[in-house]
Amino acid sequence: MDYRPEDYSKYRLQRAHDTIKEVEVLIENRFWNSAINRMYYACFYAVGALLVLNGIETASHSGMRQKLGQLFVKTGEIDRDLGKHYSELFEKRHKGDYNDFFDYDEDTVLRLLPKSKELINAISKLIDKSIIL
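Okay, here's the thing in structure tokens:
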């Protein structure tokens with residue numbers, strides 16, 4: 045079945061909002077690495093929603109990060125600090141998932157959560173402006 049970019053974008057954006065809510069549960073249970081992972085993926089889903097709506101395809105996580113920077117951060121549509129935040133999450137998620145004997149702490153997770161929510165909300169606003177219902 046073929047989906048319109050708008051449908052896929054809405055689905056991915058909803059997934060971003062749902063996934064960021066999962067982070068709260070992980071924080072309550074002190075699963076710091078998992079919280080970083082879900083924070084990253086919540087933002088990843090939002091970035092994917094934005095890119096697909098604009099007809100942009102990427103083959104990798106790095107490609108998504110690069111396209112976000114080139115097409116939305118450099119143009120000022122997404123704040124530079126939020127672009128840096130996404131890159132930081134990318135690196136931290138990779139380290140937390142693949143490095144042995146490594147655990148994030150509460151301070152790191154709590155520092156990153158507000159910016160993650162801010163990035164998702166900024167992307168939501170861009171998408172809302174783009175989709176004609």
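According to this note's numbering, the sequence shown is numbered sequentially starting from 45. By construction, the Cβ of each residue, glycine as well, lies at the ideal position given by its N, Cα and C atoms. Owing to the predicted nature of the structure, the values given are computational and were not obtained by experimental measurement.
Asked                                                                                                       : Found
C-alpha gap between Y89 and N73, whole angstroms                                                            : 24 Å
Buried versus exposed call for Y84 [16 or more other C-beta atoms within 10 Å across all chains shown]      : buried
L157 and Y130 closer than 8 Å at C-beta                                                                     : no
Cα-Cα separation, I71 to Q114                                                                               : 33 Å
Stretch pair the region 143-159 + the region 98-107: three plus CB contacts closer than 8 Å                 : no
R48 classed as buried or exposed, judged by whether at least 16 other C-beta atoms fall within 10 angstroms : exposed
7 Å Cβ shell around N77 - same chain, five flanking residues per side excluded                              : G140, D147 and Y148
Outcome for T63 when other beta-carbon atoms lying within 10 angstroms are tallied against a minimum of 16  : buried
Same chain, Cβ closer than 8 Å to R82, five either side skipped, listed in chain order                      : T63, I64, E66, V67 and L70
Contacting residues, own chain, Cβ-Cβ under 6 Å from K136 (five flanking each side not counted)             : I80
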